[in-house]
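Protein chains in written order, with the numbering used here: chain F, 2 to 98; chain L, 2 to 98; chain R, 43 to 164; chain W, 43 to 164; chain D, 1110 to 1228; chain P, 1110 to 1228. Quick reminder that beta carbons are idealized off the backbone N, C-alpha and C, glycines included. Encoded as structure tokens, the structure appears first; notes follow it.
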Amino acid sequence: MLHTINKSPFESPSMQECIRFAAPGDPVLFIENGVYAVQSSGRYASDIATLLKTNPVYALQPDLEARAIGSLVEGVKTVGYDGFVDLVEVHRVNSWL
Amino acid sequence: MLHTINKSPFESPSMQECIRFAAPGDPVLFIENGVYAVQSSGRYASDIATLLKTNPVYALQPDLEARAIGSLVEGVKTVGYDGFVDLVEVHRVNSWL
Amino acid sequence: MEENIKKIMHVMRRAPHGSIYTYEGLEMILIMAAYEQDLSVAFIGDGVYALKKGQETEGISMKGFAKTFMALDGYDVEKLYVDRTSLDERGLTEEDLLVDVEVLDSAEIGRRMNEQDVVIHH
Amino acid sequence: MEENIKKIMHVMRRAPHGSIYTYEGLEMILIMAAYEQDLSVAFIGDGVYALKKGQETEGISMKGFAKTFMALDGYDVEKLYVDRTSLDERGLTEEDLLVDVEVLDSAEIGRRMNEQDVVIHH
Amino acid sequence: MNIGILLKEGPYNHQASDTAYKFAEAAIQKGHRIDAVFLYNDGVINATKLGDPPQDDRNIAERWSALATEHGFEVLACIAASKRRGITDELMIRGGSITGLGTLTDIAIRNDRLLTFGD
Amino acid sequence: MNIGILLKEGPYNHQASDTAYKFAEAAIQKGHRIDAVFLYNDGVINATKLGDPPQDDRNIAERWSALATEHGFEVLACIAASKRRGITDELMIRGGSITGLGTLTDIAIRNDRLLTFGD
């Protein structure tokens, strides 16, 4: 099951809640303001590093660019909208609004 | 200056941000989902107790009733919409949306 | 998966009354209940507040809807899951809730969530 | 307080692009700037992200507006305050910002906030 | 006291419009004057007369319209915000109209208080 | 693959409608079929043709209308949510219509995926 997170971790508990319920192995895709979580320099970098030990982590490239996030936690993969579609082909979707 | 907080402390950093910027002595009024902060049994009861040492704290009674919050941190005063108006008569207003 | 029966989970995540999401979510559940799918409802985070006993909304001139969750049983929506961690964090226990629910660990709710065909957050 | 001159502070609290609040807030500031009031703008929490250099919004098909904050100077809106704690928490420094601002402690921003006649959060 | 209100969220979806209304009502009852309610962001959706909520629910737009016309204040929707969201002159409730942000500035200047309600 | 989309926020105020659109566009380009876009909560505001954003900005409602009519899917606004917010049949974009939540249930049942976009 693909989990998407669209809220800034500074402003919402969405990411923490998603991590609490997501199964190991499930991919997690950060979109919209959610992408602030995967900055290498941010306060949530260590949470993302921990998550990466059990789950693949993606971030939506156009949302990263719009927010000028260039340096990501190592291991986070970027995808475009087409890559988002690829993930949806393989997985059912759980959007943590 | 009267500060109002309308978001649940579990879902938003509004309360923490307000507390960080509010001057000692300034009244703080919790409204809407903000009133979950002043429950005596909740996780934020100690933050409210600390805040009460420097600032008067109010909660909007109709919002407490709508959310079935009966037991408040000691020292929190309840007001109706008319009491909200009373506070606005005395203070300029800073609504932390 | 049985043919034509989908597993659909509604996830209530917000406190009531401050926004309409929980209420309109409940309206959605009531309609979907007529379609004989495999429905469940999970209450997570501030979503657990929707089930709190004693909500009196007259003072804010809104319709209360907490009791409507009690009616779900009559629509054969019997799978109501409440996250234990979310209750604990809010100083609530099962006795504070208006409706018979299963209080479960996050991991168990996560397992049931993972079996769904469709998950809708409100 | 000078007669007919009001002290009005706009507080930017949200990350850009995920919602319109910062952008429509900026539109409000630009109009108010023509009225010769004592305007200031504070960036707190995720609001500091609005000023980050290098935002490229083509991929999400939205207009970028970060550079419009640079234009505020031309409208005599020169009091731009950024909360140091908010920058630190986000791993940002003044060099990451597009616009000349005063980076201040929360207490100092709080003091200036407290002098205002009107405070509007966006 | 003269009070201006800035309302930043639409009806029903958030409680902001309800709280603003209850506050305005209480302020009027205590002898204060509501100068204007200015609608911004999704708040402009409060001004459409096409809203038709269930019979047993409050009618938010109608309630604002009644309070405004009875007590002589205007409900003003920002034109730029209205255009984005499809709110036009033809849709206005009685007591409502569309105007620019300059009007909000005037409201901020001429009143003793400007209160913001939103999310 | 057949994909249904549930959109829970209005245009401009949140990014949800933009992300849903970009996703739908990409899915179509990859040969998938968008079955329908169902609008709920403030999402119904995406269906009004009266939106008139600045010339240099995207027109969200028009963009949905064009994609829907070109690729043969409908943009469906929930009737109860629409009534609360003043969205009526007369306001519908081309390719848009008002319907009930039963239709959303059908969409959830008959498609390989139902994706939710909101705030």
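Starting from the C-beta of M43 of chain W, find all residues in its chain whose C-beta is less than 6 angstroms away, skip the five residues before and the five after it, and write them out in chain order.
-> Taking the fourth sequence and counting its residues from 1, the one referred to as residue 43 of chain W is at position 1. The predicted model places M43 of chain W with a pLDDT of 46, which falls under 50 and marks its position as unreliable; any figure quoted below should be read in that light. Same-chain partners within the cutoff: there are none.
CA-CA distance, H52 of chain R and I71 of chain R?
-> As a position in the third sequence, residue 52 of chain R is number 10, starting the count at 1. As a position in the third sequence, residue 71 of chain R is number 29, starting the count at 1. Distance between the alpha carbons of H52 of chain R and I71 of chain R is about 8 angstroms.
Near-chain D residues of the stretch 62-78 of chain W (beta-carbon distance less than 8 angstroms), N- to C-terminal order = I62, Y63, E66, E69, M70, I73, M74, A76, Y77
For the putative contact between L1185 of chain D and F1147 of chain D, defined by C-beta atoms under 8 angstroms, what is the C-beta separation to the nearest angstrom?
-> The residue labelled residue 1185 of chain D in the question sits at position 76 within the fifth sequence. The residue labelled residue 1147 of chain D in the question sits at position 38 within the fifth sequence. Between F1147 of chain D and L1185 of chain D the Cβ distance is about 5 angstroms, and since that is below 8 angstroms, they are a contact.
Flag D1127 of chain P as yes if its beta-carbon sits less than 9 angstroms from any beta-carbon of chain D, otherwise no.
-> Position 18 of the sixth sequence, counting from 1, holds the residue named residue 1127 of chain P. With 9 angstroms as the cut-off, D1127 of chain P does not count as an interface residue toward chain D.
Considering only C-alpha positions, which residue in the set W:R56, W:D118, W:L146, W:V143 is nearest to E78 of chain W?
-> Indexing the fourth sequence from 1 puts residue 78 of chain W at position 36. It is W:D118.
Whose CA, out of L:H92, L:I49, L:F85, L:K8, lies closest to the CA of L73 of chain L?
-> By one-based count along the second sequence, residue 73 of chain L stands at place 72. When only C-alpha atoms are compared, the closest one is L:I49.
Contacts of T1214 of chain P in chain F (Cβ-Cβ under 9 angstroms) | Counted from its first residue, the sixth sequence places residue 1214 of chain P at position 105. Near T1214 of chain P there are no residues of chain F at all, since even the closest Cβ is about 17 angstroms away, more than 9 angstroms.
Would you mind sorting Q1138 of chain P into buried or exposed? The rule is 16 or more other CB atoms within 10 Å of its CB.
-> Along the sixth sequence, one-based indexing puts residue 1138 of chain P at 29. When all chains shown are included, Q1138 of chain P counts as exposed.
Among R:V145, R:K105, R:R154, which one has its Cα closest to the Cα of I58 of chain R?
-> Position 16 of the third sequence, counted from the first residue, corresponds to residue 58 of chain R. Residue identity check: residue 58 of chain R is Pro in the sequence provided, not Ile. Considering only alpha carbons, the answer is R:K105.
Which class does M1110 of chain D belong to by DSSP, given the choice of helix, strand or coil?
-> Against the fifth sequence, residue 1110 of chain D aligns to sequence position 1. Here M1110 of chain D sits in coil by DSSP.
Determine, using beta-carbon pairs with one atom in the stretch 1210-1217 of chain P and one in the stretch 143-152 of chain R, whether at least three such pairs fall under 8 angstroms.
-> no
Within-9 angstroms CB hit, L1176 of chain D to chain L | Counting from one through the fifth sequence, the residue named residue 1176 of chain D turns up at place 67. Cβ-Cβ to chain L under 9 angstroms: no for L1176 of chain D.
Give the single residue among R:V90, R:A84, R:M155 whose Cα lies nearest to the Cα of E137 of chain R.
-> Sequence index remark: in the third sequence, residue 137 of chain R carries index 95 (1-based). Nearest option by C-alpha distance: R:V90.
Anticipated Cβ contact below 8 angstroms, Y59 of chain F with L30 of chain F, distance rounded | Taking the first sequence and counting its residues from 1, the one referred to as residue 59 of chain F is at position 58. Taking the first sequence and counting its residues from 1, the one referred to as residue 30 of chain F is at position 29. Right, their Cβ atoms sit about 4 angstroms apart.
Between the Cα of H92 of chain F and those of F:Q40, F:Q17, F:P57, F:N7, spot the shortest distance and give me the residue it belongs to.
-> By one-based count along the first sequence, residue 92 of chain F stands at place 91. Answer by Cα proximity: F:P57.
Quick one: residues in its chain with C-beta nearer than 7 angstroms to the C-beta of D1165 of chain P, no 5 flanking neighbours on either side, listed in chain order?
-> Start at 1 with the first residue of the sixth sequence, and residue 1165 of chain P comes out as number 56. Cβ neighbours of D1165 of chain P beyond the five flanking positions: none.
Under 9 angstroms between C-beta atoms, does G76 of chain F make it to chain W?
-> Numbered from its first residue, the first sequence carries residue 76 of chain F at position 75. False, the Cβ-Cβ gap to chain W never drops below 9 angstroms.
Residues within the stretch 8-41 of chain F neighbouring chain R, beta-carbon criterion of under 7 angstroms = P14, E18, R21, F22, A23, A24
Between the stretch 1142-1159 of chain P and the stretch 1175-1184 of chain P, do three or more beta carbon pairs fall short of 8 angstroms?
-> yes
Where DSSP assigns a beta bridge to N95 of chain F, which residues make up the other side?
-> Taking the first sequence and counting its residues from 1, the one referred to as residue 95 of chain F is at position 94. Per DSSP, F:H4.
Are the C-beta of D125 of chain W and some C-beta of chain F separated by less than 9 angstroms?
-> Against the fourth sequence, residue 125 of chain W aligns to sequence position 83. Chain F, which has no Cβ nearer than 9 angstroms to the Cβ of D125 of chain W, makes this no.
Could you confirm whether any beta carbon from chain L is found closer than 9 angstroms to the beta carbon of R1172 of chain D?
-> For the purposes of this step, residue 1172 of chain D is identified with residue 63 of the fifth sequence, where counting begins at 1. Closer than 9 angstroms: no.
Where K105 of chain R meets chain L, residues with beta-carbon distance less than 7 angstroms = As a first step, residue 105 of chain R must be located in the third sequence, where it is residue number 63. Here the premise fails: no neighbours, minimum Cβ distance about 11 angstroms.
What in chain F is Cβ-close to K94 of chain W, meaning under 8 angstroms?
-> Here residue 94 of chain W corresponds to residue number 52 of the fourth sequence, with the count starting at 1. By Cβ distance, chain F contributes R68, A69.
Could you give the distance in angstroms between the alpha-carbon of I1216 of chain P and the alpha-carbon of D159 of chain R?
-> Mapped onto the sixth sequence, residue 1216 of chain P falls at position 107. Mapped onto the third sequence, residue 159 of chain R falls at position 117. Rounded to the nearest angstrom, the two C-alpha atoms are 12 angstroms apart.
Interface residues of chain L around T99 of chain R at Cβ under 8 angstroms?
-> For the purposes of this step, residue 99 of chain R is taken as residue 57 along the third sequence, with counting starting at 1. Residues of chain L passing the Cβ test: E66, A67.
Answer yes if the stretch 78-97 of chain F comes into contact with the stretch 1217-1226 of chain P, meaning at least three C-beta pairs across the two stretches below 8 angstroms, and no otherwise.
-> yes
Residues of chain C with CB under 7 angstroms from L98 of chain F, in chain order?
-> The structure shown contains no chain C; its protein chains are F, L, R, W, D and P.
Tell me, please, whether the CB atom of N1122 of chain D is closer than 9 angstroms to any CB atom in chain W?
-> For this step, residue 1122 of chain D is matched to residue 13 along the fifth sequence. It does not; no Cβ of chain W falls within 9 angstroms.
Enclosing beta strand (DSSP E) for Y123 of chain R [first to last residue] | Numbered from 1 along the third sequence, position 81 holds the residue referred to as residue 123 of chain R. Y123 of chain R -> beta strand (DSSP E) spans 122-125.
Touching or not, the stretch 70-90 of chain F and the stretch 32-39 of chain F, by the rule of three or more beta carbon pairs under 8 angstroms?
-> yes
Straight-line gap, E63 of chain F to T99 of chain W (C-alpha atoms, nearest Å) = Looking up residue 63 of chain F in the first sequence gives position 62. Looking up residue 99 of chain W in the fourth sequence gives position 57. According to the sequence shown, residue 63 of chain F is Pro rather than Glu. Whole-angstrom Cα-Cα distance: 7 angstroms.
Endpoints, alpha helix (DSSP H) assigned at R1172 of chain D | Taking the first residue of the fifth sequence as 1, we reach residue 1172 of chain D at position 63. 1169-1180 is the span of the alpha helix (DSSP H), which, as asked, contains R1172 of chain D.
Taking C-alpha atoms, which residue in W:G67, W:V83, W:T64 lies nearest to I50 of chain W?
-> If you number the fourth sequence from 1, residue 50 of chain W lands on position 8. It is W:V83.
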